[in-house]
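To start, the structure itself, in structure tokens.
Numbering (my numbering), first residue to last: 35 to 273.
Structure representation (structure tokens):
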């Protein structure tokens, strides 16, 4: 049994923890680079979901596509229909501070947003999307053991990539570190499902300095972020 309009996998095909990049090619890269005996379990719309093992622990990776509506669909189905407990977004982000350099890792403790996605929850106020603390502290510990001290804090999940007015930099004075297009939706979806979610991002653009990585490097040069996420997945198998 199993299968949804967007996922042809059978029940049991996905591991307890799913690493979720935006790009299907990055999901394939994670599977083929890190996982032992990876197998393709979903390819509806070319979104590519893979399951294998890392250090003997089952781990899956599947793309989310771009934007909150897209990750909202895939995360909802994984949480509600496939028994997934943890989703770790391994994405790219645009830095909102000149202190952040290309390839730096940012961990999203919370996610501001200009999206109206959480409106469907019917809450009488504004929901504050935050990471699961167990995932968060596990990822930070894994990063520190690799000699890294990634910034942990707020990011902005925007519905807009090409701004007509503004750029996202308006959020920087409030201490917002970086901008993506998915995390707030992922965190809200996890909260509604009673599951866990975390975003670990690599800086591929800097909105202040205008530096950016070429597309080929975005796909293949983010290994440290992926290794931190994989180590977190292994440790979460015991929690």
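Ideal Cβ positions, reconstructed from N, Cα and C, are used throughout, including at glycine.
What you are looking at is a predicted structure, and each value in this text was computed from that prediction instead of being measured.
Asked: Rounded separation between residue 65 and residue 117 - CA only; Found: 20 Å
Asked: Three-way DSSP call (helix, strand, coil) for residue 37 in this model; Found: coil
Asked: Own chain residues within Cβ distance below 8 Å of residue 48, not counting five before or after; Found: 75, 83, 85, 94, 96, 112, 116, 117, 118
Asked: CB contact flag (residue 237, residue 127, <8 Å); Found: yes
Asked: Rounded Cβ spacing between residue 130 and residue 213 (contact assumed at less than 8 Å); Found: 6 Å
Asked: Coil, strand or helix - residue 81 by DSSP; Found: coil
Asked: Three-state secondary structure assigned by DSSP to residue 191; Found: strand
Asked: Cut-off 8 Å between Cβ atoms - residues of its own chain near residue 77, not counting five sequence neighbours on either side; Found: 42, 83
Asked: Alpha-carbon to alpha-carbon, residue 245 and residue 88; Found: 34 Å
Asked: Simplified DSSP assignment, three categories, for residue 137; Found: coil
Asked: Whole runs of the beta strand (DSSP E) within the segment 105-135, excluding any shorter than 3 residues; Found: 120-129
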